[in-house]
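Novice: In this text, residue positions in the sequence shown follow my numbering: the first is 2, and each later residue adds one.
A virtual CB, placed ideally from N, CA and C, is assigned to each residue, including glycine.
For clarity, every value in this text was computed on a predicted model and none was experimentally measured.
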Amino acid sequence: MTRLIYSTVPNSSFLQIKRAALNELIDHITTTKGAIVESIYPEVIKMVSKNIFRVLPPSDNSEFDPEEDEPTLEVSWPHLQLVYELFLRFLESPDFQASIGKKYIDQRFVLNLLDLFDSEDPRERDFLKTVLHRIYGKFLGLRAFIRKQINNM
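Laid out in structure tokens, this is it:
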């Protein structure tokens, strides 16, 4: 699972295989009771981290205003969307246990998520908002930290 990193070769067979694997994982987590066991937590977090945490390209417009300016859309969004969807389904699963998740979803992880709010792609910011909301709701120990970091943005 941790090897699923976006390839820049469009429509490559490797990319198609990764998309199929991500879709299969999403379906499995969503439909299979007991699919989320302790041993997959570090693997899911590693895969999510390796795929979504990245240095964002510099903005063409340093005065970018999401309300006024046309956004720059992320070319790798079809892949990123599946990774975000998998992570969201993981967090929302009735099998998810915050007591285990807190070993892997920590302050550093949250800071990396918050950095991605600088993305100009509104689709990514929408997913980030939802993911951060789920983390805020499930991890009581991170709430004060999240509030403080958002106030500092």
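Whole angstroms is fine: what's the gap from Gly-102's alpha carbon to Arg-135's?
Specialist: Looking at the two C-alpha atoms, the distance is approximately 12 Å.
Novice: For Glu-125, which residues in the same chain have their Cβ closer than 8 Å to its Cβ, ignoring the five residues on either side in sequence?
Specialist: Glu-75, Trp-78, Leu-81, Tyr-85 and Leu-117
Novice: Buried or exposed for Ser-13, please, with buried defined as at least 16 other CB atoms from any protein chain shown within 10 angstroms of its CB.
Specialist: exposed
Novice: Between which two residues does the alpha helix (DSSP H) harbouring Leu-74 extend?
Specialist: No alpha helix (DSSP H) holds Leu-74; DSSP gives it neither H nor E.
Novice: Between Ser-60 and Glu-69, what straight-line distance do the alpha-carbon atoms span, to the nearest angstrom?
Specialist: One C-alpha to the other measures close to 15 Å.
Novice: If we count the other Cβ atoms within 10 Å of its Cβ and call it buried at 16 or more, is Leu-143 buried or exposed?
Specialist: Counting Cβ neighbours within 10 Å, Leu-143 comes out buried, since at least 16 surround it.
Novice: DSSP state of Gly-35, grouped into three classes?
Specialist: coil
Novice: So the alpha helix (DSSP H) Tyr-105 belongs to, where does it begin and stop?
Specialist: Per DSSP, Tyr-105 belongs to no alpha helix (DSSP H) and is neither H nor E.
Novice: Run the CB neighbour count on Arg-90, radius 10 Å, all protein chains shown included, and call it buried at 16 or more, exposed below.
Specialist: buried
Novice: Check whether the Cβ atoms of Ile-30 and Ser-94 lie closer than 7 Å to each other.
Specialist: yes
Novice: So what does DSSP say about Leu-115, is it helix, strand or coil?
Specialist: helix
Novice: Rounded to whole angstroms, what is the Cα-Cα separation between Lys-51 and Ile-106?
Specialist: Cα to Cα, the separation comes out at about 14 Å.
Novice: Near Pro-43, what residues of its chain come up, given a Cβ to Cβ distance below 7 Å and the 5 sequence neighbours on each side ignored?
Specialist: Tyr-105
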